[in-house]
């Protein structure tokens with residue numbers, strides 16, 4: 001049997017390892033457009049911030065692929081999938097046959113419809129090449145504009161500040177990190193950005209950018225007018241790389257829809273990671289959760305099912321964590337309350353500057369923590385409750401970790417299979 | 001593979017384990033540096049030692065975007081390579097038991113590594129609440145503890161009426 | 001080149017548990033200490049105190065050269081000179097004031113057994129009956145309580161017990177590895193009863209925690225006697241044939257109904273009954289253990305006697321699962337009480353507290369302080385102190401310091417400049433437990449070991465060397481004929497049939513005698529009557545009550561509105577032992593200083609929060625320290641606790657050196673009337 005995986009990041013690697021745990025004999029090929037072994041896309045800002053070395057970005061060595069007995073086709077761009085012949089058409093003209101296929105092609109930075117965004121001096125922070133390019137532009141005193149205020153945007157902004165650049169963050173919406181934080185948490189982080197000397201402009205539309213002959217980028221916005229920077233980093237979200245197999249898409253909707261087995265609508269073709277629109281732990285319609293942990297989980301399931309394990313995915317749960325501007329920022333699930341939800345909010349709990357838990361009928365559905373790293377650990381403990389829709393014991397009991405004793409006793413202090421995810 | 005089996009019914013929250021672990025991590029007795037944490041709740045007289053169980057399918061290990069977490073083939077310990085850790089805290093968010101901690105001085109995550117197969121928390125546990133034993137022995141221990149609780153109940157009322 | 005590594009097995013003496021340890025060395029330097037897995041007592045487990053012995057041995061503040069007090073401050077002098085000068089001054093004092101004006105004061109830090117006996121030997125060799133020690137305030141009162149009733153201090157057979165009753169004892173902090181025996185018994189279904197005014201570490205695991213008011217344990221014990229007698233739970237056969245005074249007990253116990261006990265102790269009547277039922281259902285497998293918590297009261301010995309009587313009533317004495325009488329290791333006797341008795345010279349305190357001297361050959365340290373200050377009953381002018389720090393640990397520290405300073409000669413052997421050393425005329429460097437070799441018997445498992453001299457410092461003497469060299473200079477060298485510690489160890493071992501080589505080959509210990517419970521059936525109990533004595537003719541002859549009559553503590557009997565709180569002192573902390581280890585930096589990270597433990601109702605009434613400073617005042621003195629607000633069930637309202645041994649805020653500034661248990665002579669330190677003021 002020939003199993004082919006397109007992609008070389010979280011979903012692809014998890015799938016590969018999950019598959020090999022169950023099947024040691026099938027022939028496996030991994031195809032990646034980039035010419036290098038796997039590196040950590042989410043840690044590119046850490047590299048820019050000089051927290052991680054270039055070498056430290058690489059999360060697999062060639063020997064790891066060899067150990068898993070996978071044939072690698074690095075630097076090979078797939079043009080399209082032919083479902084009729086079960087073949088991949090590569091840009092170099094080669095055709096690779098498969099019996100089962102996993103599309104783990106990830107996503108690409110979205111480019112908002114702003115005039116001039118395709119000119120020189122406009123960057124993204126998505127690939128290793130992007131990161132090395134930006135690294136050479138990050139000179140002390142230089143001035144950059146970050147377009148957008150999501151995780152990637154603000155991490156790029158922090159890296160730039162850490163390296164002595166002047167930074168302007170421009171966000172169309174009224175708050176920063178709209179997908180990761182609620183308004184209150186966003187305000188705290190906003191203040192923190194200001195304290196770190198970042199020029200933050202929320203509620204600001206960028207009308208156009210123009211690159212001068214001297215290399216300066218002139219940015220015009222509504223309200224605050226125009227300014228010049230040395231570079232613009234566009235970080236306004238991502239769109240799935242879902243064009244290889246149009247047959248499995250639903251009209252007008254981005255992302256490859258997948259079942260809880262990670263199968264697409266095309267026989268023998270699976271998809272996992274950012275490219276998918278998959279089931280969520282909350283139920284309801286499929287969503288694109290372009291997040292590293294979701295990619296790892298989906299890859300696991302896809303890998304198992306490529307080996308016919310019959311594993312079903314419990315659905316993704318949005319979770320985010322990072323360190324920015326001296327704060328640990330973490331969020332989980334649905335943290336903006338609806339009518340009928342209960343909200344617990346704390347402004348100072350053991351170094352956690354802002355903690356918010358949203359629950360419905362006693363079942364937690366989401367949370368935010370800002371400040372102390374222990375807040376991330378607290379959200380980690382909350383995650384099984386959200387994911388399995390379990391009633392939370394009373395809040396003080398949970399906050400002090402007292403529920404753990406119960407859980408330990410229930411577990412019989414014994415190591416069990418798969419207790420974590 | 002052996003695990004650090006925990007018996008809260010024997011724990012007195014003396015904190016020897018925390019100090020021994022903190023000392024191994026930091027050379028001092030600051031409990032915050034310890035990977036094993038003992039929660040004590042006076043009103044309930046409950047003592048709950050919490051330490052990594054080195055889950056078979058360790059989510060922290062799988063989800064680490066820096067590939068800094070691995071399993072020691074000899075001891076089975078899920079361990080963090082501080083040199084690879086970027087400090088992103090994904091593992092803190094991944095652990096459902098709160099057993100991964102962040103070391104602010106080094107900016108990296110830390111967790112129990114079973115001290116290479118001779119856990120100091122167990123060596124310093126004077127109550128016997130911690131044992132480094134095979135997982136199936138832990139089942140027997142649990143049975144022993146439950147059985148003892150029932151036997152005590154048979155001839156004990158706590159005089160709280 | 002990689003360091004040369006080595007593991008030497010010996011015993012820890014950071015406390016008196018004496019756990020088996022593996023001392024890890026690199027190029028001859030100690031780098032770590034771990035538990036010896038083969039040792040029967042600790043089975044490889046070891047508290048963090050033991051590992052910190054590395055910090056202690058190599059501490060920058062260690063005294064490694066003899067120091068002499070001069071007008072210009074401390075002067076380092078050669079050891080030979082120090083010994084010559086000390087000997088000369090001792091000889092002069094002996095000449096002028098008589099030999100009994102010289103005292104030897106041995107502390108807990110140097111241990112017991114052999115080191116205690118060699119100090120006793122020296123005192124008598126010099127011609128003084130005045131051997132003083134920490135036993136004026138520790139252990140002896142418990143020993144008396146059991147000795148007077150059952151003829152010996154028994155060892156609880158914890159692992160086989162069906163019911164364990166701990167009175168004023170907190171093994172996790174005081175005898176750490178005893179804890180694993182208690183939890184092992186619980187895992188086999190044993191019930192654990194902890195009698196303690198505080199929710200101690202071990203009380204966290206108690207099936208019943210009886211939070212008695214300080215010093216009222218005797219009322220609870222009598223209440224349990226009453227319950228057991230009325231329930232017919234006594235071992236009738238044992239009581240009839242092997243005890244004296246049962247009828248008097250039954251009669252006296254009548255007053256101690258569960259309700260009366262509740263009124264006196266604060267323990268609910270239902271709990272009193274529940275404890276009695278737990279004991280009854282486990283009898284005779286009831287193992288009692290009494291801690292230091294019961295000793296520092298004016299009614300301590302009788303409270304302990306009442307507890308010892310419970311063992312007799314239940315037939316738990318020397319029975320599996322009860323309490324064992326252990327065989328002593330038959331070493332040669334180092335003391336000179338046979339050859340040079342000196343009783344006629346009036347050992348200090350022997351007249352006032354005859355039991356203390358009669359049964360333990362202990363002089364009374366508080367009386368010694370009076371002798372120094374008042375020449376009453378006669379002058380005490382010189383003290384040789386080894387491993388003791390009375391300036392911190394004896395009651396009324398102000399007066400103790402005044403006395404020590406007024407001596408003609410004070411010689412202190414210590415590792416560090418303790419509060420006591422600081423006022424000495426000569427401070428001599430002492431060897432830590434890792435720097436000497438001595439014999440140790442573990443009664444629990446009836447094993448004997450010899451410790452190893454793992455490291456050494458030039459010019460730092462072991463105990464024996466010191467006494468030997470000083471004796472030689474005083475013309476009493478004949479009493480110390482052994483060439484060195486090893487020769488002494490060999491001589492001590494002779495009657496045992498064991499050789500030093502055997503012990504050296506077995507650092508985990510060698511069994512010196514099989515455990516044989518029930519020997520009393522042949523020999524009788526080691527009391528005057530040969531029976532278990534519920535009523536003691538011996539005490540009666542000395543003018544005491546023959547029964548352990550319960551005396552309500554003074555703070556309850558005659559409450560004084562000026563001192564509304566009752567202060568407990570000396571509760572153990574995990575990392576410290578009496579005044580020791582306060583200079584180990586990592587310990588200070590964990591437990592940085594003293595505090596007064598307080599019930600939240602009391603802190604609220606006083607308007608103080610956790611960490612606020614208060615002044616605590618007794619009739620003896622006052623001190624200031626921060627408040628630690630406890631959980632409501634961790635300490636009784638109206639009760640406070642301050643741990644001893646801190647240089648700043650030394651609680652013994654306010655403990656009593658003028659109120660004693662009439663039998664043991666132990667001072668009042670654990671039910672001290674105080675008032676608290678917010679600062």
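Residue numbers (the numbering used here), protein chains in the order written: chain A, 1 to 421; chain B, 1 to 161; chain C, 1 to 679. Even for Gly, the Cβ is constructed at its ideal location relative to N, Cα and C. This one's a predicted model, so the numbers in the text were calculated from it and none came from an experiment.
Close partners of residue 47 of chain C in chain B (Cβ separation under 7 Å): 16, 124, 126. Nothing from the segment 56 to 67 of chain B brings a Cβ to less than 9 Å from some Cβ of chain C. Bounds of the alpha helix (DSSP H) holding residue 94 of chain B are 90 to 94. Taken atom to atom, the span from the alpha-carbon of residue 97 of chain A to that of residue 246 of chain A is near 18 Å.
Counting every other CB atom within 10 Å of its CB across the protein chains shown gives residue 94 of chain B a total of 16 or more, marking it as buried. In the three-state reduction of the DSSP assignment, residue 356 of chain A falls in the strand class, which pools E and B. C-alpha of residue 271 of chain C to C-alpha of residue 231 of chain C: approximately 16 Å in a straight line. Nearest CB-CB separation between residue 145 of chain B and chain C: below the 8 Å threshold. One finds 95, 96, 97, 98 in chain B with Cβ atoms closer than 9 Å to the Cβ of residue 381 of chain A, taken in chain order. Look at residue 300 of chain C here: in three-state DSSP terms it is helix. Secondary structure at residue 646 of chain C: coil, using DSSP grouped into helix, strand and coil. The C-beta of residue 111 of chain B comes no closer than 8 Å to any C-beta of chain A. The DSSP-derived three-state label of residue 249 of chain C is helix. Within chain B, the C-beta atoms nearer than 7 Å to that of residue 587 of chain C come from 29, in chain order. The shortest CA-to-CA distance from residue 195 of chain A to any of A:87, A:216, A:327 is the one to A:327. Taking a C-beta cut-off of 9 Å against chain B, none of the residues of the segment 340 to 363 of chain A qualify. With contacts defined by Cβ atoms closer than 8 Å, residue 438 of chain C and residue 114 of chain C form a contacting pair. Under the Cβ criterion of 8 Å, residue 88 of chain B is counted among the residues facing chain A. The bridge partners DSSP lists for residue 34 of chain A come to none.
Residue 290 of chain A places its beta carbon 8 Å or farther from that of residue 262 of chain A. Identification of chain B residues near residue 373 of chain A by a Cβ-Cβ cut-off of 7 Å yields 89, 92, 102, ordered along the chain. The beta-carbon separation of residue 325 of chain A and residue 192 of chain A, rounded to 5 Å, stays under the 8 Å limit for a contact.
When the Cα atoms are used, residue 320 of chain A and residue 35 of chain B turn out to be separated by approximately 23 Å. Using a CB distance below 9 Å, the part of the segment 19 to 47 of chain B facing chain C consists of 19, 20, 22, 23, 27, 28, 29, 30, 31, 40, 41, 42, 43, 45, 46, 47, ordered along the chain. Judged by DSSP in its simplified three-state form, residue 44 of chain C adopts coil rather than helix or strand. Across the structure, residue 34 of chain C and residue 57 of chain C are spaced so that their CA atoms are roughly 16 Å apart.
Under DSSP, residue 145 of chain A forms a beta bridge with A:168, A:232. Residue pairing by DSSP places residue 222 of chain C in no beta bridge whatsoever.
A residue is called buried when at least 16 other Cβ atoms come within 10 angstroms of its Cβ; residue 147 of chain C meets this threshold and is buried. 172, 173, 176, 177, 179, 180: these are the residues of the segment 151 to 181 of chain C whose beta carbon lies less than 8 Å from some beta carbon of chain B, given in chain order.
The beta-bridge partner set that DSSP reports for residue 559 of chain C is empty. Annotation: residue 205 of chain C is outside any beta strand (DSSP E) and is labelled neither H nor E by DSSP. Here DSSP, grouped into helix, strand and coil, assigns residue 17 of chain B to helix. For residue 72 of chain A, the uninterrupted beta strand (DSSP E) run begins and ends at 70 to 74, by DSSP. When C-alpha distances from residue 423 of chain C are compared across C:390, C:448, C:444, the shortest belongs to C:390. Judged by DSSP in its simplified three-state form, residue 2 of chain A adopts strand.
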